[in-house]
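Below is one structure, written out as structure tokens; comments come after it.
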Amino acid sequence: MREILGIDVGGTGIKAALVDVESGTLKSDRHRVDTPRPAKPDAMTEAVKRLVGEFDYDGPVGCCFPTVVVDGHARSVSNLDEAWRNVQIDETFERATGLPFVVINDADAAGIAEMQLGAGQGLGGLVIMITIGTGLGSGMFYNGQLIPNSELGHMAGKDGEPFERYASKRARIDEELSWPEWGDRFNAFLKRVDRVCSPDHLIIGGGTSKKFELFQDCITVQTPIHVARFLNNAGIIGAAVAGADR
Ligand code: BGC
């Protein structure tokens, strides 16, 4: 058994736990802090350092981040502060904590967890994981191989606005939408994903997927839909799996 510290940096909270990367089981409590506002590099790095310090851990850290991440740097800022653009995230967190970091996109991490250890095990062809949270994330896999940094939540939907502006969990809460109202919007998003990418399978993840039965009736796409196994913990687990390669 190999235990790796996984950290999921989100637009709302930063969560960490020790993970058995062979089974995906959490081997510690989940520790969480609110994402500082404004979500600037210094404040967030301090929060990550504090979280890491809560664990008696000395090894590689896997971390997922809610932006496009190319070779450890932020190529977009999404729901975070503009100051993150082009920051070398892995080196920034390494300097602060003294531990080696692997940093990847959060929906890619969630997809890795599900494909290797969860609902996506054994699924071939094109599999797309959608995470419903502050944003709408996507993780794309072809025959199990990650195609990194897809950003399907940024496709233009109604009035040219990115889909994630009105079909994410944040939109549901901010606009006080009923489940059917939000479900119709989410279904419009899935229909677009289906039309543009023709996936063989869709995996729905993020905390909202726990409530699948509340919006299931709104979903009309024909592609088989799987509900994620690891729900809120998929990011932490997939990040730890990625960190284990370091
Ligand atoms: C970001 C994605 C991220 C998703 C979920 C979006 O706003 O652009 O990179 O995966 O939110 O956090």
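Quick note: the sequence shown, position 9, residue 351 per our numbering, numbers continuous.
Don't be surprised by glycine CBs; every beta carbon is placed ideally from N, CA and C.
Note that the coordinates shown come from a computational prediction; the quantities given were computed from them, not determined experimentally.
Q. Straight-line CA distance for E523 to D501?
A. Here residue 523 refers to the residue found at position 181 when the sequence shown is read from its first residue. Here residue 501 refers to the residue found at position 159 when the sequence shown is read from its first residue. When rounded, the distance between both Cα atoms is 17 Å.
Q: Note the first and the last residue of the continuous alpha helix (DSSP H) segment covering T434.
A: The residue you call residue 434 lines up with position 92 of the sequence shown. Start and end: I431 to T439.
Q. Grouping DSSP H, G and I as helix and E and B as strand, with all else coil, what is P504?
A. Stepping through the sequence shown from its first residue, residue 504 is reached at position 162. Three-state result, P504: strand.
Q | Residues of its chain near K533, where Cβ-Cβ distance is below 8 Å and the 5 sequence neighbours each way are ignored | A | Translated into the one-based positions of the sequence shown, residue 533 becomes position 191. T562 and V563, listed in sequence order.
Q: Locate the beta strand (DSSP E) running through A358, then write down its first and last residues.
A: To locate residue 358, count along the sequence shown from 1; it is residue 16. Taken as a continuous stretch (DSSP letters only), the beta strand (DSSP E) holding A358 covers G355 to D362.
Q) For G580 and chain C, any beta-carbon pair shorter than 9 Å? A) Protein chains in the displayed structure number just one, and chain C is not present.
Q | Identity of the residues DSSP links to C405 by a beta bridge | A | Residue mapping note: residue 405 aligns to position 63 of the sequence shown, counting from 1. According to DSSP, C405 bridges with I349 and V445.
(Q) Per DSSP, what are the beta-bridge partners of R571 in this structure? (A) Here residue 571 is taken as the residue at index 229 of the sequence shown, counted from 1. R571 is not bridged to any residue.
Q) In chain order, what residues of the same chain have a beta carbon less than 6 Å from the beta carbon of P504, not counting five sequence neighbours either side? A) The residue given as residue 504 occupies position 162 in the sequence shown. H496, listed in sequence order.
Q.
DSSP three-state label for M482, please.
A. By 1-based counting over the sequence shown, the position of residue 482 is 140. Looking at M482 - three-state DSSP - the assignment turns out to be strand.
Q) Grouping DSSP H, G and I as helix and E and B as strand, with all else coil, what is M457? A) As a first step, residue 457 must be located in the sequence shown, where it is residue number 115. Helix.
Q) If A452 and G481 are in contact, beta carbons under 8 Å, what's the gap, nearest whole angstrom? A) In the sequence shown, the residue the question calls residue 452 occupies position 110. In the sequence shown, the residue the question calls residue 481 occupies position 139. Sure, about 6 Å apart at Cβ, within 8 Å.
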